[in-house]
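Enquirer: Before anything else, here's the structure in question.
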Amino acid sequence: MPIMEHKSMAWRMSVNERKFIETALASDLRVDGRRPFDYRRLNIKFGREDGCSEVQLGETHVMAYVTSELVQPYRDRPNEGILAIFTDFSPMADPSFEAGRPGESAIELGRVIDRGLRESRAVDMESLCVVAGKLVWSIQVDLHIIDNGGNLVDAANVAALAALLTFQRPECTVGGDNGQDIIIHDPKVVEPLPLVIHHLPISVTFAFYNKGDIMVIDPTHKEESVMGGKMTATINSNGDVCAIQKAGGEGVMPSVVMQCIRIASVKAADITSKLKNAVEVYNTERALRKVKRHPSKMAHQVSVADITLEDKQVKDLPRHQAKMACQPYIGSSQDDEPKVDTRTSTNADGNSSGTHADAFVGGPSKWDPYPLRVGTSQVLGTLTVVKEEQVVSDDHRAVECSLDHTTTSSSGTVSVSDAMQKSNTSKSLKDAVKCLLEFFLPVTMDFWMTSVATEYWHFAVVKVIVLCAIRCLCQWLPSKLMKAL
Amino acid sequence: MAPMEVDRADGRTSNQLRPLSCTRNVLHRAHGSARWSQGDTIVLAAVFGPKAGTKKEENPEKASIEVIWKPKTGLIGKVEKEYEMILKRTLQSVCLLTIHPNTTTSVIVQVVGDDGALLPCAINASCAALADAGIPLKYLAVAICCGLTGSRSVILDPTKIEEKKILAFAYLVFPNSPISVLPKGSLTEDSEPIEAGIITSVTHGAMPVVDYFNCLDRGYAACAKISEFLRRSMESQAPSDLTKTT
């Protein structure tokens with residue numbers, strides 16, 4: 513019976529393709545149009561659970577999963593936890609990868625990443641100790657290579673780091689009757705803890721051609737099959753070299769190696785910032801998911817602030833309308849917007865006060881501020897609508913509505929920075945000061961009203977200070993930028 | 002025997018499936034690939050087209066299918082081997098094996114998320130990947146998981162938590178319902194429509210015979226819906242580039 517002829521059917525590059533790649537590299541051209549020291553596009557995604565990441569570097573696709581369990585420590589290190597890295601070169605990544613025992617390149621990849629994480633003390637092992645000599649946490653990182661598009665080491669390294677940064681292990685305490693029992697707390701009851709990671713070692717891979725003269729960063733699969741030698745440098749953003757791996761291949765001059773390391777430190781800083789941004793976004797999203805478990809708390813605070821705003825604004829109405837007339841480029845004066853917002857949100861609710869919101873959209877002259885008192889329940893009901901409308905509209909709305917939501921100060925700053933771009937470029941210093949004063953006065957009055965009317969005055973103080981600072985920044989910065997240009 | 006409405010944790014009724022999503026051609030090196038998700042259960046399947054030669058114990062007169070199941074974490078154990086065997090037998094009945102004799106088609110399944118109904122999800126993903134690779138098939142296989150609760154009512158597509166609580170569940174695989182131009186009723190044989198043939202049925206836990214037949218009926222109806230979804234998703238995605246790099 514014929515046996516499968518896998519080895520002989522292994523993919524070999526044609527002579528034409530090989531010559532093409534080498535000739536192109538001699539004139540600093542790469543097949544996919546990149547320059548020699550450009551990375552492909554890095555895309556970092558996270559799964560629903562903690563410690564689950566998916567990284568795409570061009571065509572290379574790697575998934576990483578982090579799990580933890582309590583085990584006995586190694587005898588020679590009774591105070592330290594255990595970090596184990598399993599690499600799986602899945603047969604779906606490349607027809608030449610075979611299922612079963614990991615091959616040489618799989619083991620090499622696992623070792624390079626292990627050196628970068630464990631031996632450079634990036635992940636703190638001593639914080640994983642529960643009972644010295646008896647129980648420690650063992651962190652296992654499973655790397656699945658899904659698609660081999662070249663440069664697996666770098667992609668797998670970023671995936672492992674992303675998964676470790678977002679992983680949270682359950683809290684456990686020593687207690688019980690005899691003081692020896694380990695109680696592992698349910699993650700839903702007690703907040704799980706993230707791992708302590710001191711620095712982020714990023715690996716950067718170089719491929720050498722033409723007897724070490726030409727080097728490129730982040731080789732693709734085809735470039736890898738033509739290369740003469742390969743070197744991986746693992747560097748963190750502080751400039752510390754965590755690991756260097758150059759196993760065989762063509763000899764390169766030490767000066768070339770030094771140049772590679774210098775380039776690697778620049779690239780490492782770049783990748784570190786991308787990684788940190790992605791983790792930030794995921795962490796805020798995770799926090800939001802947790803916050804949504806208590807909607808009643810948020811709504812209560814909203815209702816209070818809204819009602820007092822209206823009280824104050826009755827007095828300010830004529831002043832505001834006058835300001836609006838003379839400051840057209842701002843868009844509209846600050847405190848009209850939130851009332852309008854309340855109106856439009858109640859409009860969405862289907863109340864009779866909706867008609868007045870429509871009236872306002874036309875212009876200030878048609879605006880009728882207080883046809884109806886807005887009840888607490890109505891405002892409560894419009895909580896989500898108010899939140900949605902902020903992000904879309906003007907800076908003022910966003911700023912004021914962040915007064916209403918204690919949790920969304922971050923979204924407030926985001927919309928304010930949007931407004932920075934929108935605001936007119938022809939602002940002068942005087943106008944900036946004027947705007948500042950305009951903002952400051954109503955805000956302080958608002959502060960007094962809120963402090964008098966409610967018991968949440970301490971919240972109001974913090975909010976006011978933060979918002980003044982933000983407003984100052986966004987007023988001054990564009991004017992300074994214009995001067996600089 | 003009117004079935005009682007069951008209260009499910011995620012608010013679904015007993016006949017409601019989780020949101021389905023199918024993306025094909027997600028990998029660059031594989032000949033065919035598909036990512037199928039049912040709620041939080043996500044499976045990625047890749048197919049490498051016919052390679053010359055068959056394994057020792059396989060019949061060289063026919064094409065053979067090799068399945069590799071990769072769990073999310075941990076080493077391969079008995080459970081994974083069982084899944085590989087069930088998947089292989091199911092796919093063997095779906096593919097036209099006599100077209101390319103003495104060849105091996107590899108199907109690799111990677112579990113990305115497991116929240117109940119893992120094997121049906123994997124079967125659906127594998128079929129979509131086979132279609133993406135252009136392997137000749139008789140029909141597509143559509144799989145569903147039916148669970149039987151303690152109150153003798155059938156729930157479709159249980160999550161992992163639900164799977165632990167219910168009495169028994171069955172993974173059922175039916176062929177894709179065809180769009181036929183012939184008048185209804187002409188395709189029947191002994192008053193049973195031909196396309197209602199069960200390809201695979203795997204049960205866990207003990208259930209009375211009547212309830213098993215209930216599950217079959219419900220499963221068949223649900224599979225009609227899933228095969229509609231599958232047909233729509235295959236027709237909507239533009240035909241992928243025929244030349245793929247190896």
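Sequences listed follow chains W and U, in order. Under the numbering used here, the first residue of the first sequence is numbered 513, with each subsequent residue one higher. Under the numbering used here, the first residue of the second sequence is numbered 2, with each subsequent residue one higher. Using N, Cα and C, we set each Cβ at its ideal position, and we do this for glycine too.
1. Report yes or no: do three or more beta-carbon pairs, one from the region 549-560 of chain W and one from the region 607-625 of chain W, lie closer than 8 Å?
2. Please classify A222 of chain U as buried or exposed, where buried requires at least 16 neighbouring CB atoms within 10 angstroms.
3. Is it buried or exposed for G220 of chain U, if we count other Cβ within 10 angstroms and need 16 for buried?
4. When you compare the CB of G661 of chain W with every CB in chain U, is at least one pair closer than 9 Å?
5. Cβ of T599 of chain W less than 9 Å from any chain U Cβ?
6. Threshold first: 3 residues or longer. Then list the beta strand (DSSP E) segments lying entirely within the region 521-569 of chain W, N to C.
7. Taking 9 Å as the cut-off, decide whether the C-beta atoms of V648 of chain W and G593 of chain W are in contact.
8. Considering Cα atoms alone, identify which of W:G559, W:A790, W:L677 is closest to D41 of chain U.
9. Which residue's Cα is closest to the Cα of F49 of chain U: U:N60, U:K57, U:I66?
10. For K71 of chain U, I'd like the list of residues in its chain whose CB is within less than 6 Å of its CB, leaving aside the five on either flank, ordered along the chain.
11. Along the chain, which unbroken stretches of the beta strand (DSSP E) at least 3 residues long are found entirely within the region 701-769 of chain W?
12. Hey, could you find the ends of the beta strand (DSSP E) Y172 of chain U is sitting in?
13. Grouping DSSP H, G and I as helix and E and B as strand, with all else coil, what is D659 of chain W?
14. Within its chain, find whatever has a CB closer than 7 Å to the CB of P614 of chain W; leave out the 5 residues flanking it on each side and keep chain order.
15. V574 of chain W and V670 of chain W: beta carbons closer than 9 Å?
16. For the 8 Å Cβ check, are there 3 or more pairs between the region 54-64 of chain U and the region 623-641 of chain W?
17. What are the complete alpha helix (DSSP H) segments, minimum 4 residues, inside the region 82-157 of chain U?
18. For I458 of chain W, which residues from the same chain have a beta carbon less than 6 Å from its beta carbon, with the 5 sequence-adjacent residues on both sides left out?
19. What is the DSSP secondary structure of I162 of chain U, counted as helix, strand or coil?
20. Rounded to whole angstroms, what is the Cα-Cα separation between L676 of chain W and G563 of chain W?
21. Can you list, in chain order, the residues of its chain with a C-beta nearer than 6 Å to that of S22 of chain U? Leave out the 5 residues immediately preceding and following it.
22. Does the pairing of the region 165-177 of chain U with the region 208-219 of chain U give three or more beta-carbon distances under 8 Å?
23. Are any of the Cβ atoms in chain W nearer than 9 Å to that of T74 of chain U?
24. Out of W:S650, W:N591, W:M604, which has the shortest C-alpha to C-alpha gap to I597 of chain W?
25. Tell me which residue opens and which closes the beta strand (DSSP E) that M575 of chain W is part of.
26. Closer than 8 Å by C-beta to I619 of chain W: which residues in its own chain qualify, once you throw out the five before and the five after it? Chain order, please.
27. What residue does the alpha helix (DSSP H) around E620 of chain W start on, and which one ends it?
28. Against chain W, with Cβ distances strictly below 9 Å, would G114 of chain U count as a contact?
29. Excluding sequence positions up to five away, which residues of its chain have a Cβ less than 7 Å from the Cβ of C772 of chain W?
30. For W649 of chain W, write down the residues that DSSP places opposite it in a beta bridge.
31. Determine the chain U residues that contact Y577 of chain W at a beta-carbon separation under 7 Å, and present them in chain order.
32. On the DSSP letters alone, give me the boundaries of the alpha helix (DSSP H) that V210 of chain U sits inside.
33. Are any of the Cβ atoms in chain U nearer than 9 Å to that of E797 of chain W?
34. Report the rounded CA-to-CA distance for T55 of chain U versus W523 of chain W, giving the unit in angstroms.
35. Go through its chain and collect everything with a Cβ distance to P137 of chain U's Cβ below 6 Å, but skip five positions before and after it.
36. Please tell me whether E592 of chain W has its Cβ less than 9 Å away from any Cβ of chain U.
Expert: Taking the coordinates as given:
1. no
2. By 1-based counting over the second sequence, the position of residue 222 of chain U is 221. Exposed, by the Cβ-count rule.
3. Looking up residue 220 of chain U in the second sequence gives position 219. Looking at its Cβ environment, which holds 16 or more other Cβ atoms inside 10 Å, G220 of chain U is buried.
4. As a working mapping, residue 661 of chain W is identified with position 149 in the first sequence. G661 of chain W counts as touching chain U.
5. Within the first sequence, residue 599 of chain W is the residue found at index 87, counting from 1. Nearest CB-CB separation between T599 of chain W and chain U: not below the 9 Å threshold.
6. 554-558, 564-569
7. For the purposes of this step, residue 648 of chain W is identified with residue 136 of the first sequence, where counting begins at 1. For the purposes of this step, residue 593 of chain W is identified with residue 81 of the first sequence, where counting begins at 1. Yes, the Cβ-Cβ distance between V648 of chain W and G593 of chain W is below 9 Å.
8. If you number the second sequence from 1, residue 41 of chain U lands on position 40. Among W:G559, W:A790, W:L677, the Cα nearest to that of D41 of chain U is on W:G559.
9. Numbered from its first residue, the second sequence carries residue 49 of chain U at position 48. Considering only alpha carbons, the answer is U:I66.
10. Within the second sequence, residue 71 of chain U is the residue found at index 70, counting from 1. For K71 of chain U, where only same-chain residues beyond five positions count, the Cβ hits under 6 Å are Q111.
11. Runs found: 714-721, 726-729, 741-747, 753-757.
12. The count along the second sequence starts at 1 and reaches residue 172 of chain U at position 171. Its beta strand (DSSP E) spans residues 169-176.
13. Residue numbering aside, residue 659 of chain W sits at position 147 when the first sequence is read from its first letter. If DSSP states are grouped into helix, strand and coil, D659 of chain W belongs with the strands.
14. Against the first sequence, residue 614 of chain W aligns to sequence position 102. Here the set comprises T599, F601.
15. Along the first sequence, read from residue 1 onward, the residue named residue 574 of chain W stands at position 62. Along the first sequence, read from residue 1 onward, the residue named residue 670 of chain W stands at position 158. Yes, these two residues count as a Cβ contact at 9 Å.
16. no
17. 119-134
18. Absent from the structure is residue 458 of chain W, since the part of chain W shown begins at 513 and ends at 997.
19. Taking the second sequence and counting its residues from 1, one reaches residue 162 of chain U at position 161. I162 of chain U falls in the helix class under three-state DSSP.
20. What you label residue 676 of chain W is simply residue 164 of the first sequence in a count that begins at 1. What you label residue 563 of chain W is simply residue 51 of the first sequence in a count that begins at 1. When rounded, the distance between both Cα atoms is 6 Å.
21. Along the second sequence, one-based indexing puts residue 22 of chain U at 21. If you ignore the 5 residues before and after S22 of chain U, its C-beta comes within less than 6 Å of the C-beta of S38, all in its own chain and listed in chain order.
22. yes
23. Taking the second sequence and counting its residues from 1, one reaches residue 74 of chain U at position 73. So yes, T74 of chain U belongs to the interface.
24. Position 85 of the first sequence, counting from 1, holds the residue named residue 597 of chain W. Among W:S650, W:N591, W:M604, the Cα nearest to that of I597 of chain W is on W:S650.
25. Position 63 of the first sequence, counting from 1, holds the residue named residue 575 of chain W. Here the beta strand (DSSP E) through M575 of chain W covers 572-583.
26. Reading the first sequence from its first residue, position 107 is the one you call residue 619 of chain W. Within its own chain, the residues whose Cβ lies closer than 8 Å to the Cβ of I619 of chain W, once the five positions on either side in sequence are excluded, are T599, listed in chain order.
27. The residue labelled residue 620 of chain W in the question sits at position 108 within the first sequence. 616-626 is the span of the alpha helix (DSSP H), which, as asked, contains E620 of chain W.
28. Within the second sequence, numbered from 1, the residue matching residue 114 of chain U stands at position 113. Yes, G114 of chain U lies at the interface with chain W (some Cβ there is under 9 Å from its Cβ).
29. Stepping through the first sequence from its first residue, residue 772 of chain W is reached at position 260. For C772 of chain W, where only same-chain residues beyond five positions count, the Cβ hits under 7 Å are F718, M727, M743, A745.
30. As a first step, residue 649 of chain W is located in the first sequence; it is residue number 137 there, counting from the start. Beta-bridge pairing links W649 of chain W to W:L582.
31. The residue labelled residue 577 of chain W in the question sits at position 65 within the first sequence. Result: K73, T74.
32. As a position in the second sequence, residue 210 of chain U is number 209, starting the count at 1. Here the alpha helix (DSSP H) through V210 of chain U covers 210-237.
33. Looking up residue 797 of chain W in the first sequence gives position 285. The beta-carbon of E797 of chain W is placed no less than 9 Å from the nearest beta-carbon of chain U.
34. Here residue 55 of chain U corresponds to residue number 54 of the second sequence, with the count starting at 1. Here residue 523 of chain W corresponds to residue number 11 of the first sequence, with the count starting at 1. C-alpha separation (whole angstroms): 19 Å.
35. Stepping through the second sequence from its first residue, residue 137 of chain U is reached at position 136. L97, I100, listed in sequence order.
36. Along the first sequence, read from residue 1 onward, the residue named residue 592 of chain W stands at position 80. Taking Cβ atoms only, chain U never reaches closer than 9 Å to E592 of chain W, which makes this a no.
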